[in-house]
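**Q**
There are 2 protein chains.
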Amino acid sequence: MIIPETLVKTERQVMLILLTGAAGFLGSHLCDRLLAEGHKVIGLDNFVTGNPENLKHLEGNPNFRLMVQDVSAFIQVDEPLDYILHFASPASPNPTSPLGYPNLPIQTLKAGALGTYNSLGLAKAHKARFLLASTSEVYGDPTVHPQSEDYWGNCDPIGPRSVYDEAKRFAEALTMAYHNVHGVRTHIVRIFNTFGPRMRLDDGRVVPNFIQQALRGEPLTIYGTGEQTRSFCYVSDLIEGIYRLMMSDEHLPVNIGNPIETSIKDFALIINELCQNPAGIITQYADTLGDDPQRRQPDITRARTILGWEPQVAMRDGLNITIDYTRQKLGLPARQA
Amino acid sequence: MIIPETLVKTERQVMLILLTGAAGFLGSHLCDRLLAEGHKVIGLDNFVTGNPENLKHLEGNPNFRLMVQDVSAFIQVDEPLDYILHFASPASPNPTSPLGYPNLPIQTLKAGALGTYNSLGLAKAHKARFLLASTSEVYGDPTVHPQSEDYWGNCDPIGPRSVYDEAKRFAEALTMAYHNVHGVRTHIVRIFNTFGPRMRLDDGRVVPNFIQQALRGEPLTIYGTGEQTRSFCYVSDLIEGIYRLMMSDEHLPVNIGNPIETSIKDFALIINELCQNPAGIITQYADTLGDDPQRRQPDITRARTILGWEPQVAMRDGLNITIDYTRQKLGLPARQA
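Going down the list, the sequences are from chains A and B. Reminder that position 150 of the first sequence reads as 153 in the numbering used here, one-by-one numbering, no gaps. Reminder that position 51 of the second sequence reads as 54 in the numbering used here, one-by-one numbering, no gaps.
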């Protein structure tokens with residue numbers, strides 16, 4: 004695939020960017036990318052689920068400033084902002100982790116609604132551009148595959164996932180309203196499952212869980228049949244797609260994710276292979292959350308067409324980097340070549 | 004049907020009730036009902052779509068106090084509240100009326116999200132009970148008929164109706180979260196199409212539009228084929244259902260509406276007959292809003308079972324009362340018997 008370089012170079016002036024959720028998995032990688040592109044970044048986080056360690060390497064960087072604050076409260080920034088990216092939200096669906104959104108329901112609803120309202124208000128006041136980090140969860144438990152952006156979704160408004168799904172759906176509706184009514188230049192990215200270094204090891208998501216179990220030599224725990232599929236995108240691919248979207252003129256939602264579907268079971272087997280874990284897998288026939296979607300796969304036609312984007316990193320390559328990161332975090336010796 | 008009288012008499016002590024959207028069509032009828040039951044009511048409204056005339060008859064009533072305020076801003080009430088009912092929101096989907104929610108998108112999103120957040124916060128602070136006025140619009144353009152409460156809906160998160168639908172879905176999710184996390188005693192009513200006196204004549208909804216056209220001797224304008232159905236509930240039936248729900252212990256959503264389905268075309272013909280309007284109907288093959296639902300019909304099994312409720316008023320009886328009200332509002336002479 005030929006990447007049209009011009010797309011990412013149309014607006015190369017230095018911008019002052021406010022990034023909410025800067026200490027999160029995606030937020031911190033995006034922060035690095037924005038700084039690498041020469042921009043100045045104010046990173047906002049309240050560390051409810053964000054990890055200060057993800058930003059530690061930016062200490063002393065004159066182009067970065069940390070603002071420890073809840074995005075749901077009024078945000079005061081005196082310098083003129085050029086761009087606001089709203090990434091702050093709990094994002095793990097795991098009810099057994101205290102960091103999963105089922106255990107942070109009101110914080111999650113507030114980050115999606117009040118946080119988006121505050122961020123959009125700031126964008127309007129500063130005449131800044133705005134990008135909303137939305138999610139494949141707006142499709143819920145989808146009845147069509149793969150999911151294109153014009154699919155309306157299948158979400159239970161009062162189910163255990165509703166605190167995240169409905170907050171993000173509301174955030175999309177509010178973003179569109181600010182675009183339509185106030186003329187704010189807005190963007191909406193629907194992010195599918197992503198993995199890579201800096202995912203929290205303790206928030207119960209499948210990739211860090213599997214890798215940690217494999218590194219401990221334990222069997223990998225699969226909830227449900229293991230036949231449910233996910234489409235896992237490596238984080239650098241995702242950040243590239245987001246950066247292209249934020250520099251584009253597209254205001255309608257764009258899926259960013261890897262369309263290669265893998266069953267949870269196959270994924271577990273690959274991780275065991277890469278970690279040289281002989282312990283195999285065990286299956287628990289209890290769903291982690293009441294309405295765990297059975298399939299989730301992005302249709303990335305719009306991302307391909309509008310942004311010239313598609314994933315570049317092979318899953319095994321991405322996993323090897325993530326496994327190395329996890330070994331390091333766990334204080335294990337580096338992998339033998 | 005036997006109405007279990009005990010259901011509505013279990014909590015007969017005088018309550019101090021805050022009712023948001025008190026000057027609206029439903030709000031003002033509910034206000035009258037609450038006062039008739041002996042309660043004291045603080046009616047909150049900012050008159051964006053509410054009509055001061057709907058509350059004029061309560062001037063001087065010692066049990067009623069008007070509070071002119073936006074529900075999206077912080078609400079201060081010093082007296083201890085027993086109950087909060089959140090009814091404030093634009094509710095007409097008509098894009099040709101300045102009072103339709105497509106023309107008040109941000110106000111609508113705020114009333115649903117920030118208004119619900121404020122009202123729930125107040126309920127928590129006062130240890131008061133809470134009832135959310137939700138809507139059949141959470142079902143969107145439904146793919147199953149009739150709609151029972153466990154149907155997840157079919158809503159476009161970024162479509163023209165999203166400012167209302169997604170705000171109400173978010174409001175339901177937030178209400179459930181306050182119930183689950185903070186133990187607030189909450190109730191959620193999903194209100195289907197309702198008609199009766201005090202509907203605004205100028206907000207573009209189908210019943211007042213049809214009646215006004217019929218009274219002017221004009222042909223009734225039908226958008227689309229006219230085959231799309233609605234289930235119209237007379238307002239006194241609806242208020243009875245809401246009152247029963249608010250006095251019940253049910254915290255999961257309950258549909259309140261009339262399950263008798265009528266096509267828009269048949270409905271127009273009945274109104275012409277009752278108004279003795281010979282001008283007939285005309286059909287405009289342009290939808291009023293992009294995603295006008297084709298069918299909407301409540302399954303009221305839960306309301307029947309839990310609340311012992313079902314509609315009592317025949318459509319023609321309700322329409323005659325509404326026609327008389329409209330004649331009076333338009334300064335027309337009373338109908339000949």
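From the three backbone atoms N, C-alpha and C, an ideal C-beta is built for every residue, glycine too. Values in this document were obtained by computation on a predicted structure and should not be read as measured data.
Report all residues from its chain with a CB closer than 6 Å to the CB of residue 12 (chain B); omit the five preceding and five following residues, and keep chain order.
**A** Only weak support exists for where residue 12 (chain B) lies, its pLDDT of 41 falling under 50; the coordinates are left without a value.
**Q** Cα-Cα, which of A:113, A:25, A:43 is closest to residue 82 (chain A)?
**A** Comparing Cα positions, the closest option is A:43.
**Q** Less than 6 Å between C-beta atoms, sequence neighbours within five positions excluded: which residues of the same chain meet that for residue 264 (chain A)?
**A** Same-chain partners within the cutoff: 232, 234, 300.
**Q** Which of helix, strand or coil does DSSP assign to residue 223 (chain A)?
**A** The answer is strand: DSSP assigns residue 223 (chain A) an E or B state.
**Q** By Cβ distance, which residues of its chain are closer than 7 Å to residue 181 (chain B), with the 5 residues on each side in sequence left out?
**A** Excluding sequence neighbours, residue 181 (chain B) sits near 123, 127, 187, 189.
**Q** Just to make sure I have the definition right: I need the residues of chain B whose C-beta is within less than 9 Å of the C-beta of residue 157 (chain A). Which are they?
**A** Here the neighbours are 155, 156, 157.
**Q** If you pair each beta-carbon of the region 83 to 90 of chain B with each one of the region 146 to 164 of chain A, do three or more pairs fall below 8 Å?
**A** Touching, no, given that fewer than three Cβ pairs across the two stretches are closer than 8 Å.
**Q** Below 9 Å on C-beta distance, what does residue 276 (chain A) contact in chain B?
**A** Per Cβ cutoff of 9 Å: no residues; residue 276 (chain A) is ~38 Å from chain B at best.
**Q** For chain A, is any of its Cβ atoms less than 9 Å away from the one on residue 116 (chain B)?
**A** Chain A, which has a Cβ nearer than 9 Å to the Cβ of residue 116 (chain B), makes this yes.
**Q** Measuring CA to CA, which of A:286, A:154, A:257 is closest to residue 137 (chain A)?
**A** With distances taken between Cα atoms, residue 137 (chain A) lies closest to A:257.
**Q** Is it true that the CB of residue 71 (chain A) sits closer than 9 Å to the CB of residue 21 (chain A)?
**A** Their beta carbons are not under 9 Å apart, which means residue 21 (chain A) does not touch residue 71 (chain A) by this criterion.
**Q** Per DSSP, which one or two residues make a beta bridge with residue 89 (chain B)?
**A** BP columns for residue 89 (chain B) point to B:23, B:135.
**Q** With DSSP as the reference, label residue 6 (chain B) as helix, strand or coil.
**A** Below a pLDDT of 50, predicted positions are generally treated as unreliable, and residue 6 (chain B), at 43, falls in that range; the measurement from the model is reported next regardless. Coil.
**Q** Keeping to the same chain, check which residues put their C-beta closer than 6 Å to that of residue 105 (chain B); ignore five residues upstream and five downstream.
**A** 98, 163, listed in sequence order.
**Q** Within a Cβ cutoff of 6 Å, which residues of the same chain sit near residue 131 (chain B), ignoring the five residues on either side of it in sequence?
**A** The residues are 84, 85, 86, 87.
**Q** What's the gap between the Cα of residue 112 (chain A) and the Cα of residue 172 (chain B)?
**A** Near 12 Å, if we compare the C-alpha coordinates of residue 172 (chain B) and residue 112 (chain A).
**Q** If you follow the beta strand (DSSP E) that residue 190 (chain B) is part of, which residue opens it and which one closes it?
**A** Element bounds for residue 190 (chain B): 189 to 194.
**Q** Give the interface partners of residue 29 (chain A) over in chain B, defined as CB-CB distance under 9 Å, in chain order.
**A** Those within 9 Å of residue 29 (chain A) in chain B number zero; the least Cβ separation is about 21 Å.
**Q** Does the CB of residue 143 (chain B) have a neighbour CB from chain A at under 9 Å?
**A** True, the Cβ-Cβ gap to chain A drops below 9 Å.
**Q** Answer with buried or exposed for residue 9 (chain B), where buried requires no fewer than 16 other C-beta atoms within 10 angstroms of its C-beta.
**A** With a pLDDT of 44 at residue 9 (chain B), under the threshold of 50, the predicted position of this residue should be treated as unreliable, though the coordinate-derived value follows. The residue in question, residue 9 (chain B), is exposed, as its Cβ has fewer than 16 Cβ neighbours within 10 Å.
**Q** Straight-line CA distance for residue 125 (chain B) to residue 204 (chain B)?
**A** Cα to Cα, residue 125 (chain B) sits roughly 33 Å from residue 204 (chain B).
**Q** How far does the alpha helix (DSSP H) with residue 341 (chain A) in it extend, from its first residue to its last?
**A** Any answer about residue 341 (chain A) is impossible in this case: the structure gives chain A only from 4 up to 340.
**Q** Count the other CB atoms, across all protein chains shown, that sit within 10 Å of the CB of residue 329 (chain B); report buried if there are 16 or more and exposed otherwise.
**A** So residue 329 (chain B) counts as buried.
**Q** Would you say the region 197 to 215 of chain A touches the region 152 to 166 of chain A, given that touching needs at least three Cβ pairs under 8 Å?
**A** Taking 8 Å as the limit for Cβ pairs, the verdict is that the region 152 to 166 of chain A does not touch the region 197 to 215 of chain A.
**Q** Alpha carbon to alpha carbon, what distance is there between residue 37 (chain B) and residue 67 (chain B)?
**A** Taking the straight line joining both Cα atoms gives about 10 Å.
**Q** Between the region 215 to 231 of chain B and the region 246 to 253 of chain B, do three or more beta carbon pairs fall short of 8 Å?
**A** No, because fewer than three Cβ pairs between the region 215 to 231 of chain B and the region 246 to 253 of chain B fall closer than 8 Å, the two stretches do not touch.
**Q** Report all residues from its chain with a CB closer than 6 Å to the CB of residue 7 (chain A); omit the five preceding and five following residues, and keep chain order.
**A** A caution first: residue 7 (chain A) carries a pLDDT of 45, below 50, which makes its placement in the model unreliable, though a value can still be read off. 311, listed in sequence order.
**Q** Would you tell me roughly how many angstroms separate the C-alpha atoms of residue 243 (chain A) and residue 174 (chain B), rounded to the nearest one?
**A** One C-alpha to the other measures close to 34 Å.
**Q** Taking C-beta pairs closer than 8 Å, name the residues in chain A that residue 179 (chain B) reaches, listed in chain order.
**A** Under the 8 Å cutoff, chain A gives 161, 165.
**Q** Using only alpha-carbon positions, find the residue among A:213, A:103, A:54, A:41 that is nearest to residue 326 (chain A).
**A** Closest option to residue 326 (chain A), Cα to Cα, is A:213.
**Q** Looking at chain B, is there any beta carbon in it that lies within less than 9 Å of the beta carbon of residue 23 (chain A)?
**A** No, its Cβ sits nowhere closer than 9 Å to a Cβ of chain B.
**Q** Measuring straight from C-alpha to C-alpha, what distance separates residue 178 (chain B) and residue 168 (chain A)?
**A** Spanning the two alpha carbons is a distance of roughly 15 Å.
**Q** I'd like to confirm the pairing. Which residues does DSSP put opposite residue 48 (chain A) in its beta bridges?
**A** According to DSSP, residue 48 (chain A) bridges with A:71.
**Q** Work out the CA separation of residue 102 (chain A) and residue 54 (chain A) for me, nearest whole Å.
**A** Their Cα atoms are separated by approximately 11 Å.
**Q** Residues of chain A with CB closer than 9 Å to the CB of residue 77 (chain B), please, in chain order.
**A** Here the premise fails: no neighbours, minimum Cβ distance about 12 Å.
**Q** Quick one: Cα of residue 184 (chain A) to Cα of residue 140 (chain B), how far?
**A** The straight-line gap from Cα to Cα measures roughly 22 Å.
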